[in-house]
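This report refers to the structure that appears directly beneath it.
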Amino acid sequence: MHDDRRGQTAVIFLSERAEDDAAGYAAAADAMAALASAQLGYRGVDSVRGGDGVGITVSYWVDDAAAVAWRDQPDHAAIRDAGRDRWYRS
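Remember, my numbering sits 1 above the position in the sequence shown when you count from 1.
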């Protein structure tokens, strides 16, 4: 993780994991990490999840435009949508 986070944009994702399809979730998480690290403007990520399934992930981007480009990246959007359907509680 890059220590100098001044002037960056942080994207905060709060989630509650469903208990279904742990293997599919792990594969999707790995794919998401690989996609993010290859995305222009990516600075890093911090993530934590409690025993109750509630997690917080913060991704860091050089600026708002980089964060928006990540939001709109098609493979990221597909994994994000699958997460809403399969791996996270509403």
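All C-beta atoms, glycine included, are put in the ideal place defined by N, C-alpha and C.
Exposed unless 16 or more other CB atoms sit within 10 angstroms - verdict on residue i
i     : result
Ala66 : exposed
Ala68 : buried
Gly52 : exposed
Trp84 : Note that residue 84 corresponds to Gly in the displayed sequence, not to Trp. Classification of Gly84: buried, given that the 10 Å Cβ count is 16 or more.
Ser38 : exposed
Ser48 : exposed
Backbone secondary structure at residue i - three-state DSSP
i     : result
Leu15 : strand
Val63 : coil
Gly45 : strand
Arg81 : helix
Cutoff 9 Å: residue i Cβ touching any chain E Cβ
i     : result
Val46 : Going by chain labels, chain E is absent from the structure shown, which holds only one protein chain.
Unbroken alpha helix (DSSP H) run spanning residue i, endpoints
i     : result
Tyr89 : Taken as a continuous stretch (DSSP letters only), Tyr89 belongs to no alpha helix (DSSP H), as it is neither H nor E.
Asp31 : 23–39
Quiz prompt | the stretch 16–23 in contact with the stretch 49–57 per 3-pair CB rule at 8 Å | solution = Yes, the stretch 16–23 is in contact with the stretch 49–57.
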